[in-house]
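Engineer: 383 is the number of the first residue of the sequence shown in the working numbering; add one for each residue after it.
Quick reminder that beta carbons are idealized off the backbone N, C-alpha and C, glycines included.
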Amino acid sequence: MSEQGKTILVVGGGISGMTTAIEAAEAGYKTVIVEKNTYLGGRVAQMNKYFPKLCPPYCGMEINFRRIRPNRNIRYYTQAQVDKVSGSDGNYHVSVKVQPRYVNSKCTACGKCVEACPVDRPNDFNLGMNTTKAIYLPHEMAFPMRYVIDMSVCKGMACAKCVSACAYNAIDLEMKPETAEIEAGAMVMATGWSPYDAAKIDNLGFGKYKNVITNLMIERLAAPNGPTGGKIQRPSDGKAPESIAFVQCAGSRDENHMAHCSSICCLATFKHIAYLHELNPNAQAYMFYIDLRAQGKYEKFVQTISAQANTTLIKGKVAEITEDPATGNLTVTAENAVTGEKVHQTVDLVVLATGMDPTARENKLPVSLKQDVSGFIASNGNGIVAAGVAKQPTDVASCTLDATGATLKAIQSIVRR
Numbered sequence: 383m384s385e386q387g388k389t390i391l392v393v394g395g396g397i398s399g400m401t402t403a404i405e406a407a408e409a410g411y412k413t414v415i416v417e418k419n420t421y422l423g424g425r426v427a428q429m430n431k432y433f434p435k436l437c438p439p440y441c442g443m444e445i446n447f448r449r450i451r452p453n454r455n456i457r458y459y460t461q462a463q464v465d466k467v468s469g470s471d472g473n474y475h476v477s478v479k480v481q482p483r484y485v486n487s488k489c490t491a492c493g494k495c496v497e498a499c500p501v502d503r504p505n506d507f508n509l510g511m512n513t514t515k516a517i518y519l520p521h522e523m524a525f526p527m528r529y530v531i532d533m534s535v536c537k538g539m540a541c542a543k544c545v546s547a548c549a550y551n552a553i554d555l556e557m558k559p560e561t562a563e564i565e566a567g568a569m570v571m572a573t574g575w576s577p578y579d580a581a582k583i584d585n586l587g588f589g590k591y592k593n594v595i596t597n598l599m600i601e602r603l604a605a606p607n608g609p610t611g612g613k614i615q616r617p618s619d620g621k622a623p624e625s626i627a628f629v630q631c632a633g634s635r636d637e638n639h640m641a642h643c644s645s646i647c648c649l650a651t652f653k654h655i656a657y658l659h660e661l662n663p664n665a666q667a668y669m670f671y672i673d674l675r676a677q678g679k680y681e682k683f684v685q686t687i688s689a690q691a692n693t694t695l696i697k698g699k700v701a702e703i704t705e706d707p708a709t710g711n712l713t714v715t716a717e718n719a720v721t722g723e724k725v726h727q728t729v730d731l732v733v734l735a736t737g738m739d740p741t742a743r744e745n746k747l748p749v750s751l752k753q754d755v756s757g758f759i760a761s762n763g764n765g766i767v768a769a770g771v772a773k774q775p776t777d778v779a780s781c782t783l784d785a786t787g788a789t790l791k792a793i794q795s796i797v798r799r
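Right, dumping it as structure tokens:
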């Protein structure tokens with residue numbers, strides 16, 4: 383049981399953060415999750431399927447939510463960020479700023495407010511590929527299962543149609559920010575990652591050509607709860623692509639962008655090729671890569687996908703992507719490193735494998751952290767522990783294992799004091 387009621391503060395409510403909080407709480411320690419998004423689940427919630435079993439994220443997420451709900455040792459704040467940290471090892475005082483949701487705990491997620499709302503906004507959960515209303519549920523299995531209002535587009539009391547439509551008095555347009563004060567014996571940084579901004583890579587055409595998308599975008603397109611209901615379509619005309627070029631290391635292993643390798647991008651691309659062939663077995667997939675990485679137990683999966691007749695692997699860094707404005711088709715230019723030949727492959731759609739950019743690289747926390755040149759966090763030995771992708775690029779299964787280890791380190795930090 384926890385000594386002197388010490389609390390473990392977990393920064394980040396993705397798969398690593400939830401695992402850390404749950405494991406610590408079930409061992410008898412009080413835990414607090416601070417999550418900047420409107421829901422727990424992080425990037426895993428946006429996946430269509432994830433390794434090792436290639437199952438939908440909700441099968442694992444729902445188990446975690448079930449473990450969180452009844453556990454009195456766990457508190458969580460969404461739309462929240464660490465504002466101030468004072469104190470020292472084993473005795474931290476943390477101030478957390480919690481932004482208003484404008485919807486209180488009376489919400490039953492009935493959806494009547496959405497029917498009444500006249501304002502649309504880009505759906506950030508689906509990476510802007512469709513829209514929601516100004517009042518919205520982050521996604522269909524969101525935790526907490528409660529609506530939220532985007533006040534950057536909401537007309538507030540000048541409209542208030544959602545207020546009138548709600549039979550439960552759950553909407554409070556005057557809700558204010560709050561500050562939570564937390565005494566923590568240890569902190570676990572599970573701040574996760576963001577996909578690298580592909581618009582920064584000038585030669586690959588993202589943001590310039592509609593039919594150049596990212597690996598996270600195809601993940602959402604393939605998802606049944608995604609913007610197209612699980613259909614992989616071209617953004618320009620909604621057609622199902624007959625050919626897709628998958629471009630690896632989009633921004634990764636590049637001193638002008640991200641020097642590190644994100645480790646899982648190759649494996650994710652083979653998964654995306656599998657998505658494509660599930661929908662259209664005759665579609666052609668071309669994978670342009672520098673080197674292939676497939677962690678041990680996944681090698682058979684890679685070999686199976688690679689051996690398919692309509693899958694072509696080309697070892698070569700892509701130099702340029704151009705568009706035929708009449709058709710929206712794209713031509714990928716690269717040099718084949720094996721044959722020395724220049725390749726000009728025309729396809730319907732291009733998917734860029736953007737790497738994992740650690741959130742902590744730009745979103746600095748008000749506490750002293752050891753970080754490597756890429757922004758990944760190293761445990762500092764003073765009651766602050768890193769977990770999951772905040773520490774290094776890794777897959778979902780490895781994140782849960784690492785988070786369990788981080789839990790033990792945090793508990794040891796408390797016990798030793």
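Could you name the residues that DSSP lists as bridge partners for Leu391?
Structural biologist: Leu391 pairs with Val414 and Met569.
Engineer: Let's see if you can read the secondary structure: which residues bound the alpha helix (DSSP H) around Leu422?
Structural biologist: First-last for Leu422: undefined, no H or E at that position.
Engineer: Beta-carbon within less than 7 Å of Glu660's beta-carbon, same chain only, minus the 5 sequence neighbours each way: which residues are those?
Structural biologist: Result list for Glu660: empty, nothing under 7 Å.
Engineer: Does the Cβ-Cβ distance between Thr715 and Val725 come in under 8 Å?
Structural biologist: Closer than 8 Å, so yes.
Engineer: On the three-state DSSP scale, how would you describe Pro748?
Structural biologist: In this structure, Pro748 counts as coil in the three-state DSSP scheme.
Engineer: Between Gly722 and the rest of its own chain, which residues show a CB-CB distance below 7 Å, the 5 nearest in sequence each way excluded?
Structural biologist: Here the set comprises nothing.
Engineer: Check for me: the beta strand (DSSP E) holding Lys466 runs from which residue to which?
Structural biologist: Run containing Lys466: Ala462 to Ser470, per the beta strand (DSSP E) assignment.
Engineer: Whose CA, out of Leu658, Ala462 and Ala409, lies closest to the CA of Asn430?
Structural biologist: If we check each option's Cα against that of Asn430, Leu658 comes out closest.
Engineer: Tell me the rounded alpha-carbon separation between Val797 and Ser477.
Structural biologist: Approximately 23 Å between the Cα atoms of the pair.
Engineer: Among Ile531, Pro520 and Gly510, whose alpha-carbon lies nearest the alpha-carbon of Val499?
Structural biologist: What sits at residue 499 in the sequence shown is Cys, not Val. Among Ile531, Pro520 and Gly510, the Cα nearest to that of Cys499 belongs to Ile531.
Engineer: Helix or strand or just coil, what does DSSP make of Leu555?
Structural biologist: It is coil, neither helix nor strand.
Engineer: Please report the straight-line C-alpha distance between Gly765 and Val416, rounded to a whole angstrom.
Structural biologist: Roughly 17 Å separates the two Cα atoms.
Engineer: Report the rounded CA-to-CA distance for Thr413 versus Thr402, giving the unit in angstroms.
Structural biologist: Approximately 9 Å, taken between the alpha carbons.
Engineer: So, Ala704 versus Thr694, is the Cβ gap smaller than 8 Å?
Structural biologist: The residue you asked about is not Ala; residue 704 is Thr in the sequence shown. No; because the gap between Cβ atoms is not below 8 Å, this pair is not in contact.
Engineer: Taking 8 Å as the threshold, find out whether the stretch 484 to 495 comes into contact with the stretch 542 to 552 through three or more Cβ pairs.
Structural biologist: Touching, yes, given that three or more Cβ pairs across the two stretches are closer than 8 Å.
Engineer: For the beta strand (DSSP E) containing Ser477, name the first residue and the last one.
Structural biologist: Element bounds for Ser477: Asn473 to Val480.
Engineer: Quick check on DSSP: helix, strand or coil for Thr789?
Structural biologist: Of the three classes helix, strand and coil, the one that applies to Thr789 here is helix, per DSSP.
Engineer: Skipping 5 residues on each side, what residues in its chain have a beta carbon closer than 6 Å to that of Asn692?
Structural biologist: So the qualifying residues of the chain are Gln666.
Engineer: Under the rule that 16 or more other beta-carbon atoms within 10 Å means buried, what is Thr782, buried or exposed?
Structural biologist: Buried, since its Cβ has 16 or more Cβ neighbours within 10 Å.
Engineer: DSSP has Leu734 in a bridge; who is on the other side?
Structural biologist: The partner list for Leu734 (beta bridge, DSSP) reads Thr596 and Val629.
Engineer: According to DSSP, simplified to helix, strand and coil, what is Ile397?
Structural biologist: If DSSP states are grouped into helix, strand and coil, Ile397 belongs with the helices.
Engineer: In terms of residue numbering, what span does the alpha helix (DSSP H) encompassing Thr709 cover?
Structural biologist: Neither: Thr709 is in no alpha helix (DSSP H) and is coded neither H nor E.
Engineer: Span of the beta strand (DSSP E) holding Ser576?
Structural biologist: Element bounds for Ser576: Trp575 to Pro577.
Engineer: With distance defined between alpha-carbon atoms, name the residue in Ala689, Leu598, Pro740 and Met511 nearest to His639.
Structural biologist: Per the Cα distances, Pro740.
Engineer: Please report the straight-line C-alpha distance between Ala540 and Leu555, rounded to a whole angstrom.
Structural biologist: Between Ala540 and Leu555, the C-alpha separation is close to 11 Å.
Engineer: Determine the direct distance from the alpha carbon of Ala768 to that of Met400, and round the result to whole angstroms.
Structural biologist: Whole-angstrom Cα-Cα distance: 13 Å.
Engineer: Would Ala650 and Leu586 qualify as a contact pair, given that the criterion is a beta-carbon distance under 8 Å?
Structural biologist: No; because the gap between Cβ atoms is not below 8 Å, this pair is not in contact.
Engineer: Suppose only complete runs of 4+ residues qualify. What are the alpha helix (DSSP H) ranges in the stretch 658 to 708, listed by chain order?
Structural biologist: Listed in chain order, the complete alpha helix (DSSP H) runs (minimum 4 residues) inside the stretch 658 to 708 are 681 to 688.
Engineer: Kindly list the residues whose CB is nearer than 7 Å to the CB of Ile614, restricted to its own chain and excluding five residues on each side of it in sequence; keep chain order.
Structural biologist: Here the set comprises Ile600, Leu603, Ala604, Ala622, Pro623, Tyr657, Leu658 and Leu661.
Engineer: When you compare only the Cα positions, how much space is there between Gly424 and Gly574?
Structural biologist: Those two C-alpha atoms are separated by around 8 Å.
Engineer: Taking C-alpha atoms, which residue in Ile404, Thr460, Asn718 and Ile672 lies nearest to Glu444?
Structural biologist: The residue with the shortest Cα to Cα distance from Glu444 is Ile404.
Engineer: According to DSSP, what are the bridge partners of Ile450?
Structural biologist: Partner(s): none; Ile450 has no beta bridge.
Engineer: Going straight from the alpha carbon of Lys418 to that of Cys536, what length do you get?
Structural biologist: Using only the alpha carbons, I get a separation of about 20 Å.
Engineer: Give the single residue among Arg451, Pro526, Cys647 and Gly493 whose Cα lies nearest to the Cα of Arg483.
Structural biologist: Nearest C-alpha to Arg483: Pro526.
Engineer: Relative to the C-alpha of Asn446, which residue among Gly396, Gly737 and Lys543 is closest?
Structural biologist: Out of Gly396, Gly737 and Lys543, Gly396 has the C-alpha closest to the C-alpha of Asn446.
Engineer: Locate the beta strand (DSSP E) running through Val767, then write down its first and last residues.
Structural biologist: Counting along the chain, the beta strand (DSSP E) containing Val767 begins and ends at Ile766 to Ala768.
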